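Here is the structure we will look at, set down as structure tokens.
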Amino acid sequence: MAKAELDYTTKMIGTNLSNFSAWHNRTQLILRLLDEQSASDEERKKMLDSELKLIHRALIDPYDQSLWFYHQNLMCTFDPALASGTMAPNLTDVERLEYLENEVEAITEMLDGEEDCKWIYQALISCGVVICRVKGVMSTEMKQRISGWVCELKRLDPLRLGRWLDLEASLNL
């Protein structure tokens, strides 16, 4: 049953990439499907890879908020504090860091021509913070990068300046 429903969300996403409902349902259906199939860690990792490819192909419009919500859900897989409730809970820290570094690289490439898209900076900050959690420390380089991304958000989204200042304070930037 979950497989048929998941296929339906894929069809709906193919019809309209901005279908928030389909992306949201997908998060729950994948977990259910993997549990129903008693999926191995390798099968779970394969599903994660497939979903990352799907969201990267979908992010042709970086201003589409629904896509970034799904991306954020996938990024929870790499956060040690949240991983147990995700599709690939048993990744090693080395695997988590490899995925996260690839994400930062891919998302940074999206900035080319889209420097005014706040969603890109929010995703970069989120990935950077999770990298720090996995490593257990915020390196000077990552602190500078995150600080730069937060500065861009303050410039791009002045109506939420308080939020960005709170974020800076919480990260000790």
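Just add 37 to the spot in the sequence shown (first one is 1) and you have our numbering.
Note that CB positions come from ideal geometry on N, CA and C, so glycine has one too.
It should be emphasised that the depicted structure is a prediction, and the values quoted were computed from it without experimental measurement.
Relative to the Cα of Leu104, the nearest Cα in the group Leu70, Val171 and Ser55 belongs to Ser55.
In this structure Met147 is not in contact with Leu91, their Cβ atoms being roughly 16 Å apart against a cut-off of 8 Å. Below 8 Å, too few C-beta pairs join the stretch 114 to 121 and the stretch 64 to 78 to call them touching: fewer than three. With a minimum length of 4 residues, the unbroken runs of alpha helix (DSSP H) contained wholly in the stretch 64 to 106 fall at 78 to 95. Counting other Cβ atoms within 10 Å of its Cβ, Gly185 stays below 16 and is therefore classed as exposed.
Here Asp130 carries a helix assignment [DSSP, helix/strand/coil]. With at least 16 other beta carbons inside 10 angstroms of its own, Lys155 counts as buried. Thr123 carries a coil assignment under DSSP once its states are collapsed to helix, strand and coil. Its Cα nearest to that of Leu134, the residue Cys164 stands out among Arg200, Ala160, Leu193 and Cys164.
A direct Cα-Cα distance of roughly 22 Å separates Glu151 from Leu111. Residues of the same chain with a CB within less than 7 Å of the CB of Glu189, apart from the 5 flanking positions on each side, are Tyr158 in chain order.
In the structure shown, the three-state DSSP call for Asn139 is helix. In this structure Thr52 does not touch Leu66 by the C-beta definition: roughly 17 Å separates them, more than the 8 Å allowed. Bounds of the alpha helix (DSSP H) holding Val187 are Thr177 to Leu193.
Cβ contact annotation for Lys40 (same chain, cutoff 8 Å, sequence separation greater than five): Leu70, in chain order.
Rounded to whole angstroms, Ser176 and Val141 show a C-alpha spacing of 15 Å.
Per DSSP, reduced to three states, the secondary structure at Glu151 is coil, with no helix or strand assignment.
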